[in-house]
Amino acid sequence: MLEQLGQDPNVAVYCTSALHHPQSTGSRHFIVIDALSIGTSNVLGVGKSCLLLQFTDKRFQPVHDLTIGVEFGARMITIDGKQIKLQIWDTAGQESFRSITRSYYRGAAGALLVYDITRRDTFNHLTTWLEDARQHSNSNMVIMLIGNKSDLEARREVKKEEGEAFAREHGLIFMETSAKTAANVEEAFINTAKEIYQKIQDGVFDINNEANGIKIGPQHSPANQNMPSGGGGGNQGGNCC
Amino acid sequence: MILVLASAVLSPGSSCVINCISKRSDDVSPLQAVVEQLSQQLVHLTAQVEANKNRIDDTQRAVGFTARKKLADVHGLRLYETIVFDDVVYNAGDGYDPETGFFTAPVAGSYVFFLQTMLHNLDEERLFLDITKNGSTLARAHERRCSRSEILNRKQTASSFPTALWDMPRRRMRLPEDTTTRWTTSEIFLELSKAVNNRLVLRRLCHRVQTSSLLEDRRDAVRALKALSKVQNRVVEYSVVLSLSPSVYKFRLEVGTQAMDVLTKVLETDRSDVEITGYALDTLFNVMSNEPSEEDEMTSKSSVDLGEQFTEIFIKKQENVTMLISLLEEYDFHIRWPTVRLLTVLLTNRLKDLQECILVIPMAVSKLMDLLVDSREIIRNDALLLLNQLTKGHANIQKIVAFENAFERILDIIVEEGASDGGIVVEDCLLLLLNLLKNNASNQNFFKEGSYIQRISPFLELGSASAPSKQSGWSAQKVTNIHLILQLVRTLVSPSNPQNQTVACQKVMNQCGLLQQLCSILMASGVPADVLTETINTVSEVIRGNQANQEYFASVLAPSNPPRPAIVVLLMSMVNEKQPFVLRCAVLYCFQSFLYKNEVGQSQIIQTLLPTTADVNTITAGQLLCGGLFSTDSLSNWFAAVALLHAVIGRNTNNRGQLLRVQLATSLGNPPVSLLQQCCNILAQGAKLQTRIGLLMLLCTWMADCPIAVNHFLTNSANVSYLISQVSSSEGDELELIVQGLCAFLLGLCMVFNDNQNSSFTKASLKEVIQNRIGEEVFADKLTQVAKNENYTRAAKKPHLNYKHPSEIVFDHEFTKLFKNLENDVLVAVSGEENSGLKATSRREHENLVENYKEVIKEQDQKLNDMSQRVLELQSKHSAATATIDELRSQVQQLKDQNALLKAQKGSQSSNHLQGTPPGGDNVEKFQKEIQMLRFQVAEKDLQIEQLTTSLTTLEASLASQIGDENKENSPSEAAVLQISINRLNMELKDLRVNCDQKDTEISTLRSQLEGSQQDLLQLQNNSSNSQGFLDSRVTEMTEEIRRLSEEKTSLQERLKKSNEENLKLANKIRVLEEEREAEAEDKRSLNEELETLKKEQDDLLVLLADQDGKINKFKQRLKDLGQVVEEDEEEFDDEEEEMGEEA
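Below, the structure is given as structure tokens:
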């Protein structure tokens, strides 16, 4: 009897540890953040796809096909030692795809609003896009304003100060980037992610609500392999008795 | 205006009534006349008839009537009203009752009815007149709205009984499916009348829904509508042969056409009431759905159209779809579920239109996705079906659905439903996943990035649970599920996907154990053959072109005894005739994928063929392939040949050379034959077609880019003659043509890759043979035939061997690639001029050259690297050396300085020495030193004195100020102390002065001594420093010269300054002059202007003058005319004088 009593707690302890295992390996989880890149375009793009390509693949493709609907890209980054997977939906800038683009606002935690500093019309369109984004998205969505093609200083039509003023006026973060030279590209994405991460820390975003565009990623650990072995341990204990 | 005329001739008994069902007409008078005329004729005729009848009556009792009715207009008719023909013309036997409109047959027998209608102004619908018998319709005549002339025509061919026309789409009629169920007429009529009743009911219901103000009332009406939408009536058609064909007629059409608007209105207005909304949705569902009932199977094709038409009408209004989507927000089951079903049906009917519709509605996809988390399984499952439809072939919707977290949710459902052991829901889930991923690179990327591949691999686990029931464990559902999972995997790594995507997925699949999982299925027992086949195909695509995965696959061992590599086991089944065909294809595909871009694997396979490593006891891949190559089964031959082909294909020609070494022991006693020769022998013996094609493909690949193989091949002249005979033969069917084309290709390759080692078949001689024996055109024609073959294009499309029947197998994918690359080379080599013939070969040579050069460049690169390294070394050495040199230099400098110092010292010493040589020099030196010392001391003392005096004065000054300021405040003792110290200092000063004086005297004495000795010295110096004097003089000369030069310089500078000044002065002058000139120019301009104005004035004057001249002339003329004589000269003179005056 004594032996039996002595055995049981052991089994129990083993089981609980197995049960708690997924929680204890919480650090293995990573946060997944969904973000969009939006911005107008007529014939020539403002470079959203190029920005994404530069960020995910670290390369520049001067001739890029027109984005049809939406394209997906992802990269793992580290913020404050926390693994974060940034999933970016690169949307088409053309007016005809507007209704498609709208479907993506709700599920995104952040958006990169891109214009082309060498074309004023793209800057002038920002207000419409911003209104669209604000109307269809979560009110907490982090929006970063990006003036792309900063390498083409000679053809600049929109001053940096104007971009800054616009961002200040609408409460956005602002940066000028160049997808070609990769200047500020990394920073633009990471700063957006940082801002979102900060909002998670502050409790503005609920990680358990997937509609915010944030969730806990699947773990890479072989935790599920431990479960059967735990059960096996329990069985052995039972057999001994 | 309507004229209805009915008459009946002797017929069987019972009562007949003519009903007016529907009507519509306006009054029109023009035809009245006609009608009147006709009626008069009619009266006339009936009178005749009556006369005749009377005659007949005499002989037998006759039954019949003729009656007519005149109406002002059709509006006088009510629906389903019995028309009473009140004007009876003739009524034999008194069967017809003009009061009620009923005809009661007084005698049993056959009756024939004639019904004649004359209608006009029928501007709406049609008018139907039924002849009913005991309440059921016997026949119907109808009038269409038509032009007047038609009506007139119609009058002549008056529509008359029996015109049993049923108003419904005729295409819904059909012949009886089985002859045993003969319908009696009464049954048919019963059904018809039911249908008529139902239509009436339907109208009333619609009316009620529209007008009733009570919700309950409306609800009941909609419920009834729902019931009606499912009602089926059997209807019939009289065909030409008068056979009755029963058919099922649903009330969908009626309900659809009449009630759709009513129902959508209900959805809008009565949305708050769950019940009525549910009924309305159900009714719409019944109307739209084309679900074939058991009786309706054959007509389903036509009813598809019906559903599609209704759907089209319904979704034409975007707001209808928007409303349905918004209804999804209602949680109530009775609304949500029918909405889902209705949407699914709509999607099925009009996929593209509705997809676009839904895409435009904001958040529509999100709302549909939310259905997947509904706790009620039935809704969730139907939502899956809905999404399956929605995502069909629409990449953008697929992406949005994926964005809405579809993968996660679907995989959750799959797990919940028991993964691969699950039921049809799992199948639906997997179909949806496939839908989302197929041909959608973005979603595939998302699937990979989201770590969802890792979640698939457990689904393939054939856990131990199913092991005991191996044979029975595979339910049909499980087979389907596994199939779908495998397809899912294949979609992700399909060779048609972008390369980098496929590679990334393959990597993940290996890492997460999916490949291992697949291989374990491969080796498990009891797996159904079709699953096994698909698994092999999947493994093929997972390992294809990925080295790590290929290596893993090579290491997989089958659980046999002794354990054999999986590859060998698979090859065993490939060359085994008894295995299913598709399985053998899959194995070949797997083998190909294993060797694709895998040089290590290729050489390993070749190694097993070589005699050195051949082990008698174990079965190797090489043995199996050789066995297959020479077995009696032509398919095995083909498979083995293609497998070997894949082992030698590629850039690396090494394997092709190795394969030449393979020797075969044919039969006892005979010498071994090389593999190459054996292949040729089989070819020459005229094996089966598939065998020959396989071998030819192998040989072509073997020869390509491998001159040694060509050489081997050409050593046996029989080979060449066989090829020539094949190419030049002109008979044979389509497949035989392929063989001939391949022979031509092989022959061409022998030429292109000929290194002219074989004296009997050099490049040139082969070309000659081809041109003479075959002819260029025939050769080219044969060659180009190959690529034109249907099988060729099929094989070239993709690497997967997707064949259903052994006879379809002809070409290999890789071979088609090779053929495409080299076809042109061969053609050029054979057909072209000497030059162009050489082109192909020379290109090859060029390539060789390039290769050589590349190597040279590589060597040079190497050298360059070495050199640069050496340069670096040397540079570092050099810098070190320069550093040491610098050091040494500085040392040298130091030494030089020291040397100079020493020299100087030496110089001074030597001068001293010179001085020191005469007597008394020592003394002088001593004295000098002493003097110096003393002077030094004096200087020191002076300094001290000075310091003291300064301190004294400062102190005194401070003292004075202190005394001035603070005498009264401070105690006088301090001043006294200061005074004392001053005194003391003064005393010291005095002492020092005394000392100084003493010293001075000493100095003066010493000086006098020194002067004495100096004079001695001067004398000595005069002797020694003659030379020095000379140098001094030169130096002075030089300095003087320098001074002179500098003076000159200064004088020159002064001159320069002066000239500058002069320049300035001159410039000033010039400026002044210029100004003057400008002023002058100004003057000149003004003068010019004046001149011009003057000129103008002059011109004006001249003009005036001319005018005056003219006038004068006129006057003169007048005067002359008047008769006065004028002296012209005088006048002119006067004029001139005047002019002068004016000018002046």
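As they're listed, the protein sequences go chains A and F. If you count the first sequence from 1, position 33 lands on 33 in full-length UniProt numbering, and the numbers rise without skipping. If you count the second sequence from 1, position 730 lands on 730 in full-length UniProt numbering, and the numbers rise without skipping. For every residue, glycine included, the Cβ atom is placed at its ideal position computed from N, Cα and C.
Thinking C-alpha only, which one of 32(A), 134(A) and 189(A) is nearest residue 148(A)?
189(A)
Roughly how far, in whole angstroms, is the beta-carbon of residue 133(A) from the beta-carbon of residue 38(A), given that I think they are within contact range, below 8 Å?
6 Å
Run through chain F and tell me which residues come within less than 7 Å of residue 74(A), C-beta to C-beta.
449
Give a yes or no on whether the C-beta atoms belonging to residue 225(F) and residue 259(F) are separated by under 7 Å.
yes
For residue 342(F), which residues of its own chain have a beta-carbon under 8 Å away from its beta-carbon, when the five flanking residues on both sides are left out?
281, 284, 285, 288 and 324
Would you please verify whether the beta carbon of residue 70(A) is less than 7 Å from any beta carbon of chain F?
yes
Give the straight-line distance between the Cα atoms of residue 164(A) and residue 191(A), rounded to the nearest whole angstrom.
16 Å
Could you give the first and the last residue of the continuous alpha helix (DSSP H) run that contains residue 135(A)?
126 to 136
Do residue 697(F) and residue 815(F) come within 7 Å of each other at the CB atom, strictly closer than that value?
yes
Among 1001(F), 952(F), 99(F) and 272(F), which one has its Cα closest to the Cα of residue 931(F)?
1001(F)
Which residues, in order along the region 336 to 370 of chain F, keep a beta-carbon less than 9 Å from a beta-carbon of chain A?
359, 360, 361, 362, 363, 364, 365 and 366
Inspect the beta-carbon positions of residue 660(F) and residue 712(F) and report whether they are closer than 7 Å.
yes
Contacts of residue 87(A) in chain F (Cβ-Cβ under 8 Å)
446, 449 and 450
Pull up the distance between the alpha-carbon of residue 558(F) and that of residue 570(F), whole angstroms please.
10 Å
Consider the Cβ of residue 216(A): report whether some Cβ of chain F lies at a distance smaller than 7 Å.
no
Using CA coordinates, which residue listed in 145(A), 168(A) and 120(A) is at the minimum distance from residue 155(A)?
120(A)
Let's test the definition: count the other Cβ atoms within 10 Å of the Cβ of residue 1070(F) and tell me whether it reaches 16, buried, or not, exposed.
exposed
Anything in chain F within Cβ reach of residue 104(A), meaning under 8 Å, just list it in chain order.
400 and 403
Comparing the C-beta of residue 193(A) with each C-beta of chain F, is any distance below 7 Å?
no
Tell me which same chain residues have a C-beta within less than 8 Å of the C-beta of residue 688(F), skipping the five on either side of it?
634 and 637
At which residues does the alpha helix (DSSP H) containing residue 647(F) begin and terminate?
634 to 648
Residue 48(A): buried (16+ other C-beta within 10 angstroms of its C-beta) or exposed?
buried
Straight-line gap, residue 976(F) to residue 988(F) (C-alpha atoms, nearest Å):
18 Å
Would you check if the region 778 to 788 of chain F and the region 743 to 750 of chain F touch, i.e. whether three or more CB-CB distances between them fall below 8 Å?
yes
How far does the alpha helix (DSSP H) with residue 196(A) in it reach, from first residue to last?
185 to 201
When you compare the CB positions of residue 361(F) and residue 391(F), do they come within less than 7 Å of one another, or not?
no
Verify the contact flag: residue 1083(F), CB atom, against every heavy atom of the ligand SAM, threshold strictly below 6 Å.
With respect to small molecules bound, the structure shown includes none, and the ligand SAM cannot be examined in it.
Less than 7 Å between CB atoms is the rule here; does residue 420(F) satisfy it with respect to chain A?
no
Quick one: list the residues of chain A neighbouring residue 396(F), beta-carbon separation under 9 Å, in chain order.
68, 69, 70, 97, 100 and 103
How big is the Cα-Cα spacing for residue 852(F) and residue 767(F)?
28 Å
Check this for me: beta carbons of residue 337(F) and residue 379(F), under 7 Å apart or not?
yes
Whose CA, out of 485(F), 31(F), 597(F) and 427(F), lies closest to the CA of residue 452(F)?
485(F)
With 16 other Cβ atoms within 10 Å as the buried cut-off, status of residue 981(F)
exposed
Spell out whether any CB of chain F is found under 7 Å from the CB atom of residue 110(A).
no
Taking its Cβ as the centre, do 16 or more other Cβ atoms sit within 10 Å of residue 846(F), making it buried, or is it exposed?
exposed
What separation, rounded to the nearest whole angstrom, lies between the Cα atoms of residue 675(F) and residue 663(F)?
6 Å
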